[in-house]
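What follows is a single structure, written as structure tokens, with notes after it.
Numbering (my numbering), first residue to last: -2 to 67.
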């Protein structure tokens, strides 16, 4: 049986540590209002496992933008 290994990530390379926080201490990670989510999928043409990315609008940034317009 394999044992679980815990790898320590240097805070400088950890996106959650390096991410800017709001004044209430909540981490906010987006890139100019966009959040990128990646997942592994099977390519139906080749049968190979590939990484697929989708981009979504950041809800926090969108709400802030709508509040600024009002």
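Cβ atoms here follow ideal geometry from the backbone N, Cα and C, with glycine treated the same way.
First and last residue of the alpha helix (DSSP H) that includes residue i?
i, result
"residue 46", "Run containing residue 46: none in the alpha helix (DSSP H); it sits in the beta strand (DSSP E), 46 to 54."
Quick one: Cα of residue i to Cα of residue j, how far?
i, j, result
"residue 39", "residue 51", "15 Å"
"residue 27", "residue 43", "32 Å"
"residue 63", "residue 53", "17 Å"
"residue -2", "residue 47", "Low per-residue confidence applies at residue -2: pLDDT is 46, beneath 50, and the placement is therefore not dependable, though the value from the model is reported in the following sentence. The alpha-carbon atoms of residue -2 and residue 47 are separated by roughly 28 Å."
Assuming residue i contacts residue j (C-beta within less than 8 Å), just tell me the rounded distance between them.
i, j, result
"residue 36", "residue 49", "6 Å"
If the criterion is Cβ atoms closer than 7 Å, does the pair residue i and residue j meet it?
i, j, result
"residue 55", "residue 32", "yes"
Starting from residue i, trace the beta strand (DSSP E) in both directions and tell me its first and last residue.
i, result
"residue 26", "Taken as a continuous stretch (DSSP letters only), residue 26 belongs to no beta strand (DSSP E), as it is neither H nor E."
From the DSSP output, read off the bridge partner residues of residue i.
i, result
"residue 36", "49"
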